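First the structure, in the form of structure tokens, and then the observations on it.
Protein chains in written order, with my numbering: chain W, 122 to 721; chain B, 122 to 721.
In structure tokens form, the structure reads like this:
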């Protein structure tokens, strides 16, 4: 069965009614663009995604990349799909037209990219890692580096990776041990081992551009001694021509539970052959550069989770409408035909919960993309600054919340299908396996929680958190003023915000008076609480827009009623979970913190 | 790495300090047994489980059963393990000594069986389905049927299945269409197709005994027209001798996300060759008989979930103690060695949460087993009756809660391992895939929710619920009297019980005044709320026992401190989630109920 992976009505609603994407066309960078172009881009992405990516979703899982005589063999559909995607220009969607990009707003590019991820996240990953690596070179690379790598990366002739993790340096990048020995001209010889490198080896492109964290001999210990290097699989001339192999060898493939179509590799640098890396920017500042890419990558994780959750939701919705089983309570006549299972209230609950999750997650991801646009192109300096602050505080939420909530949502899709949901003959179990990775990679969700509570909420005297709270309060106010069905939702949002503020203040006060580990011990609860509040905010904004359109009689009325119902579901079913979380946090509960190793 | 799958200290604590298993030896049925025998049985199960089952846990996943020239091929380790298990008598653990059983209390047998499931649930399933089918024949079969099948099933010469589901009759057994045509002597010719039949075809035993739901020609529509048949794969003489094939053919294998080692089959009855079934008991009463086995099977689902969650927990605990990564907040010197990750508060939270879940689940499962013992052998009639009532109301909880909570718990184990948790080179991802089935089979958790709220809570004027509430209140009272660390937990339990009672009464009142579907629409929330309250009850009982032992200075003091801390965690972190649930239920929230198909 071919099914729709995202709902175009929802993307339109979010892009134009909630994120006001059309207004971006007024900015100089996007001059000449407008809704027609934006729509054409998203439709193109959808077409390529459904025609070239969705078609081998299962095949790329069943026939995962394998080693054959030292070569990594991947089914041919992957290469074909990536060619279609790069030929349509999606590897440089947001880049300057001057260097071959489409110069699109991020918010539009995000909607487009989500189509690829909903159709086949494993295949899309090769492209998206390339985009991420290219963005980093575009931002911090020298003119020589840009000339050597960017055109080939944007064309899809070279693919990219990010090579951070080592066997003993995963969450703790301070312990990176890969060594770099200067050989002059900014070049270094690298030696060391990296692990979990996605897309680390394949023959899908002519070359692979690894962005590698390493430590120059004599550099300080810890994160202040880490530099960033461009390490191509094959040497590259200044003109982008490919030369001999560059001493990056495959130590092995790792076999994952899901997301199998993307190779996960152990890579050895400078083992046997010499391995030359080009230093990016200045020595010892590598982690800062990498975090530029990392923040983007973290939002991309949330986007991928959202896309998979969305695809699973729509599949289970379609199934629930066609599968007939059982009768409603109160129907005593067994000779009456069974009803479509969407008629069963518990199935409807599972579908509505999924809708509230995936559409809420999509709003979150598009909001982050819109903030990237605003941070870069808003006319007003203070607006740019505020957008950048909001983006800081929302990034850990955008990474972690969709990865968890969409996993629960996909689990509901499995449940709607029942036994079929658990069978590999149907697609939802694969989403369940694929998406589980999103809680782990690009910084585990525990790391995101520490980032939010330990850094983001406190940075610049709490400016980012204050900016977020102000936005949420404004939405609550607007919703109250809107009246009708929206007002009670806005009321609950206001109460939720007050709980979050109280918990935040209590934790800030605790951080002053107690040891840091104890104050941070419940960071994960805080992250979940803040996430629920933020998603409720985005739902109230959607409810306001839906009510406005309903009142004006424009748009698909049934779709808009559904938006209001999903908003109500989120605010009534999900937001109230922050009451108990707030209690725990305000009490600075220390139950896990005080648990001793010997007591387990 | 060979790891411990269950914690023997915990099994001892639960069996003897909480469930008071030793006192069972005073009953006539268990005369001659005692703690020494019980311990020997559990130790034997553990030895066989670790030596024969755990050893091919991964292999039975990677090399799942496959069709080869029409035969189902299974790796040889499976047969060898099952032989060891049946030779030790575990297929008839609780059966009368007179018919070859060990005549053990269920509470002890449950602890023993959990070892097999924690080591390799897929292999254990062949045995446990056999036990379930044998129990049913023992209870409802004719003397002739017992003689023909039971000895062979207890010996493991014949294995069993339960064949309920059809392509159009899954959750709705009223729609079973498999037909039975009488041929005299209680024998019938069966025709029809069953799906999702676990262990439906294999060559692990000499014969396979299917217990099949079918409809005798002319029987009433619906559940009142369903009969139960014994359908052997090969004909069986009255003496148990095996004859020719009996018209049960394999329609195909289904490929599952996990639990792969157990075949999942489509079976055709009477296609081509004639298929003879022996009717069990009376015509049209099949569903009632099957539910006897089903209730047992539902508790077994919870037990399997518990066992897998437990194994994942202990694996991640061991990993967290040995894996070194990162430094604690406040440690500024990057040259200091990394700490074991159990030192990180967020990792400790994930471990404590797992401990609270899996030990709470084990208490729940052993409690149910103890109630089976009491319902059968308590000296006092009123005690037997109360135990039977409690068992009714606890069965949907024992099926559903461990299947969900242990899935979250296994997900935390994956998270503790990080990338390694997601890699098939480590065992935890398999538990994650395997256990997901438990929310689906033997009645989806949505069905369990309807069973609890629509039937169990209301049956006999609410007698079962009242009995449960009385037990919980008594524990709260006992805990308050115990004082010290236990009193505040008991206080919270009392408040949780009051919330559950209020929600139950509100729902009962609503059922009277509104349409039944609306009253039942939030059954899943109710099931979760009731489950959390029950598990908190079991944790407070554990806390009372631990405090008593700590005060008397007996037992492993550190283990007992851990018990108190886990009880505190459950009561402070998990039980308060019922506050928001109670609000929703008392308001009879109708958000999902009122969602319309066209609004999605």
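Each residue gets a CB set at the ideal place from its N, CA and C atoms; glycine is no exception. Model, not experiment: these values are computed from the prediction.
Beta-carbon contacts of residue i that lie in its chain and below 8 angstroms, excluding the five residues immediately before and after
i: residue 463 of chain W; result: 438, 441, 442, 469, 472
i: residue 248 of chain B; result: 203, 206, 207, 211, 212, 237, 277, 280
Alpha-carbon spacing of residue i relative to residue j, whole angstroms
i: residue 261 of chain W; j: residue 411 of chain W; result: 10 angstroms
i: residue 137 of chain W; j: residue 353 of chain W; result: 41 angstroms
i: residue 166 of chain W; j: residue 206 of chain W; result: 8 angstroms
i: residue 657 of chain W; j: residue 593 of chain W; result: 9 angstroms
i: residue 455 of chain B; j: residue 291 of chain W; result: 15 angstroms
i: residue 209 of chain W; j: residue 558 of chain W; result: 28 angstroms
i: residue 225 of chain B; j: residue 608 of chain B; result: 36 angstroms
i: residue 144 of chain B; j: residue 150 of chain B; result: 12 angstroms
i: residue 141 of chain B; j: residue 520 of chain B; result: 23 angstroms
i: residue 554 of chain B; j: residue 602 of chain W; result: 48 angstroms
i: residue 655 of chain B; j: residue 662 of chain B; result: 11 angstroms
i: residue 258 of chain W; j: residue 363 of chain W; result: 18 angstroms
i: residue 459 of chain B; j: residue 544 of chain B; result: 23 angstroms
i: residue 614 of chain B; j: residue 578 of chain B; result: 20 angstroms
i: residue 585 of chain B; j: residue 361 of chain B; result: 42 angstroms
i: residue 404 of chain B; j: residue 397 of chain B; result: 16 angstroms
i: residue 525 of chain B; j: residue 498 of chain W; result: 46 angstroms
i: residue 325 of chain W; j: residue 374 of chain W; result: 16 angstroms
Spatial neighbours of residue i in its chain, beta-carbon cut-off 7 angstroms, leaving aside the 5 residues before and after
i: residue 175 of chain B; result: 126, 240, 241
i: residue 122 of chain W; result: Legend: pLDDT at residue 122 of chain W = 43, less than 50; position of this residue unreliable, no value from coordinates given.
i: residue 436 of chain W; result: 124, 534, 548, 549
i: residue 638 of chain B; result: none
i: residue 355 of chain B; result: 328, 363, 364, 365, 366, 367
First through last residue of the beta strand (DSSP E) which encompasses residue i
i: residue 189 of chain B; result: 187-189
i: residue 399 of chain W; result: 397-400
i: residue 317 of chain B; result: 308-319
i: residue 331 of chain B; result: 328-337
Extent of the continuous alpha helix (DSSP H) to which residue i belongs
i: residue 654 of chain B; result: 644-673
i: residue 129 of chain W; result: 129-133
i: residue 688 of chain W; result: 678-690
i: residue 550 of chain B; result: 549-556
i: residue 714 of chain W; result: 712-715
Whole-number beta carbon distance between residue j and residue i, since they are thought to touch under 8 angstroms
i: residue 222 of chain W; j: residue 214 of chain W; result: 7 angstroms
i: residue 642 of chain B; j: residue 711 of chain B; result: 7 angstroms
i: residue 632 of chain W; j: residue 571 of chain W; result: Not really, about 12 angstroms apart at Cβ, beyond 8 angstroms.
i: residue 516 of chain B; j: residue 621 of chain B; result: 17 angstroms between Cβ atoms; not a contact.
i: residue 253 of chain W; j: residue 348 of chain W; result: So it is not a contact: roughly 19 angstroms between Cβ atoms.
i: residue 386 of chain B; j: residue 451 of chain B; result: Not quite, the Cβ-Cβ distance comes to about 58 angstroms (not below 8 angstroms), so this is no contact.
7 angstroms Cβ cutoff, residue i in contact with chain W
i: residue 700 of chain B; result: yes
i: residue 721 of chain B; result: yes
i: residue 154 of chain B; result: no
i: residue 318 of chain B; result: no
i: residue 716 of chain B; result: yes
Proximity test, Cβ basis, 7 angstroms: residue i and chain B
i: residue 118 of chain W; result: Shown here, chain W extends from 122 to 721; a query on residue 118 of chain W therefore has no answer.
i: residue 378 of chain W; result: yes
i: residue 342 of chain W; result: yes
i: residue 712 of chain W; result: yes
i: residue 564 of chain W; result: no
i: residue 295 of chain W; result: yes
i: residue 679 of chain W; result: yes
i: residue 375 of chain W; result: yes
Same chain, Cβ closer than 6 angstroms to residue i, neighbours up to 5 away in sequence not counted
i: residue 477 of chain W; result: 687, 690, 691
i: residue 492 of chain B; result: 508, 511, 512
i: residue 702 of chain B; result: 646, 650
i: residue 563 of chain W; result: 418, 419, 422
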